[in-house]
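Working notes for the structure below.
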Amino acid sequence: MHIEVVQMRRLAERDFDRVVKLEARNWWNVLSREYDLEHIANFHTRMELVFGRQLLRLLQRCDEFPEGQIVVYCHELKRPVGAISSFILKAATLEDVPPTWHGATGNGYFTTHDSKGDMLVCASIITLHSGLPAQRLSELKKQHISSTLLRAQHDLAVKAGLRKMIAYSRPMNYGEYVARNGPTSIEDYLRVRDERGRLYDRSIGMHEHELEAFARGLGRPARILPNGRPLDPEALGYNVLMDYSPALELSA
Ligand SMILES: CC(C)(COP(=O)(O)OP(=O)(O)OC[C@H]1O[C@@H](n2cnc3c(N)ncnc32)[C@H](O)[C@@H]1OP(=O)(O)O)[C@@H](O)C(=O)NCCC(=O)NCCS
Numbered sequence: 034m035h036i037e038v039v040q041m042r043r044l045a046e047r048d049f050d051r052v053v054k055l056e057a058r059n060w061w062n063v064l065s066r067e068y069d070l071e072h073i074a075n076f077h078t079r080m081e082l083v084f085g086r087q088l089l090r091l092l093q094r095c096d097e098f099p100e101g102q103i104v105v106y107c108h109e110l111k112r113p114v115g116a117i118s119s120f121i122l123k124a125a126t127l128e129d130v131p132p133t134w135h136g137a138t139g140n141g142y143f144t145t146h147d148s149k150g151d152m153l154v155c156a157s158i159i160t161l162h163s164g165l166p167a168q169r170l171s172e173l174k175k176q177h178i179s180s181t182l183l184r185a186q187h188d189l190a191v192k193a194g195l196r197k198m199i200a201y202s203r204p205m206n207y208g209e210y211v212a213r214n215g216p217t218s219i220e221d222y223l224r225v226r227d228e229r230g231r232l233y234d235r236s237i238g239m240h241e242h243e244l245e246a247f248a249r250g251l252g253r254p255a256r257i258l259p260n261g262r263p264l265d266p267e268a269l270g271y272n273v274l275m276d277y278s279p280a281l282e283l284s285a
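Quick note: to get the working numbering, add 33 to the position in the sequence shown (first position is 1).
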């Protein structure tokens, strides 16, 4: 498959809309609550409202920091198959990062972006993993889309001369794990692994996988934020900061 990394603002309108739709779908349970749209029973109406609000967010992100809004475009499928959003924050250390996703990101609009800041913050990563024939999806999986997106941000941080980079991530399977296994502290949950040694959590597992490729031991969560995103039901309101700064140093 021929995939290409491009800036979101370079997409044709139809493809830009596809990215917004993918955002709306992948963050559905969070956005429906945050936009207070749960009472709307009609799925299509609700989807249109979520879409409209996310469209405004993504357009503003492109205005604030176009270089940080990156997609992977697949030429065979003639569409974007993943996207990642970042901005630069004035924060010398991890402790200086605001403890909520909304606080850090200016409610998702990236008004907190500071071109003279210190730290590249990846605030959202999404990939296409449904809505295509199974064969296509498995071909897509082999393209390492999330890794390509994270590497693109890593390259951007290097190019911008930044010494710090984080992913403002979420333990996306925590709610489901607790529902199945009973109360479990977040610290214990973030240690749960399958028989192959992979973290139970897919999102933190993805970051661990990426970071461990740079050096052993880099993949551990750097800071856990209770109520980081209170209305995220899948992550039970938690955010987790994953620190890519040592990976930047290694490739300097
Ligand atoms: C999180 C998300 C981006 C993951 O994307 P994905 O393409 O489905 O990820 P994959 O399952 O292909 O995993 C990506 C990589 O991490 C690895 N990985 C996945 N889960 C893992 C785990 N639990 N432990 C270790 N490695 C893991 C995969 O093997 C893969 O590596 P490879 O490309 O070298 O094979 C996607 O599920 C999504 O869009 N979620 C909704 C939005 C969200 O929660 N975003 C993340 C928070 S910022």
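Note that CB positions come from ideal geometry on N, CA and C, so glycine has one too.
Predicted model, so just to flag it, every value in this text is computed and none were measured.
inquiry  = Less than 6 Å between C-beta atoms, sequence neighbours within five positions excluded: which residues of the same chain meet that for Glu-37?
reply    = For the purposes of this step, residue 37 is taken as the residue at position 4 of the sequence shown. Around Glu-37: Tyr-106.
inquiry  = At 4 residues or longer, what runs of the alpha helix (DSSP H) sit wholly inside the segment 97 to 149?
reply    = 134 to 138
key: Every unbroken beta strand (DSSP E) inside the segment 252 to 281 [3 residues or more]   = 256 to 258 and 272 to 276
key: Neighbourhood of Glu-209 by C-beta, 8 Å cutoff - its chain only, sequence neighbours within 5 removed   = Residue mapping note: residue 209 aligns to position 176 of the sequence shown, counting from 1. Excluding positions up to five away in sequence, the list reads Glu-267.
Ser-157, DSSP secondary structure in three states = Indexing the sequence shown from 1 puts residue 157 at position 124. Strand at Ser-157.
query = Is it right to say Asn-272 is buried, meaning 16 or more other beta carbons lie within 10 angstroms of its own, or is it exposed?
reply = If you number the sequence shown from 1, residue 272 lands on position 239. With 16 or more other Cβ atoms within 10 Å, it is buried.
ask   = How close, in whole Å, do the beta carbons of Val-63 and Arg-262 come, if the pair is a contact with beta carbons under 8 Å?
value = Counting from 1 along the sequence shown, the entry for residue 63 is found at position 30. Counting from 1 along the sequence shown, the entry for residue 262 is found at position 229. Correct: roughly 7 Å between the Cβ atoms.
message = What does the Cβ neighbour count give for Phe-98, buried or exposed, with the cut at 16 atoms within 10 Å?
response = Working through the sequence shown from its first residue, we reach residue 98 at position 65. Buried, because 16 or more other Cβ atoms sit within 10 Å of the Cβ of Phe-98.
Outcome for Leu-183 when other beta-carbon atoms lying within 10 angstroms are tallied against a minimum of 16 = Here residue 183 corresponds to residue number 150 of the sequence shown, with the count starting at 1. Buried, since its Cβ has 16 or more Cβ neighbours within 10 Å.
key: Tyr-68 beta carbon less than 9 Å from that of Val-53   = One-based indexing of the sequence shown puts residue 53 at position 20. One-based indexing of the sequence shown puts residue 68 at position 35. No, Cβ-Cβ distance for Val-53 and Tyr-68 is not below 9 Å.
Segment limits, alpha helix (DSSP H) that includes Thr-222 = As a position in the sequence shown, residue 222 is number 189, starting the count at 1. It should be pointed out that residue 222 corresponds to Tyr in this sequence rather than to Thr. Unbroken alpha helix (DSSP H) run through Tyr-222: 219 to 222.
key: alpha helix (DSSP H) segments (min. 4 residues) lying fully within the segment 35 to 69   = 46 to 59 and 61 to 67
query = Is the CB-CB distance between Leu-153 and Gln-102 below 9 Å?
reply = Numbered from its first residue, the sequence shown carries residue 153 at position 120. Numbered from its first residue, the sequence shown carries residue 102 at position 69. No, they are not a contact pair.
Cα-Cα separation between Gly-30 and Trp-60, rounded to whole angstroms = Residue 30 lies beyond the stretch modelled for the chain, which goes from 34 to 285, so this question has no answer here.
query = Is the Cβ-Cβ distance between Cys-155 and Ser-180 less than 9 Å?
reply = For the purposes of this step, residue 155 is taken as the residue at position 122 of the sequence shown. For the purposes of this step, residue 180 is taken as the residue at position 147 of the sequence shown. Not closer than 9 Å, so no.
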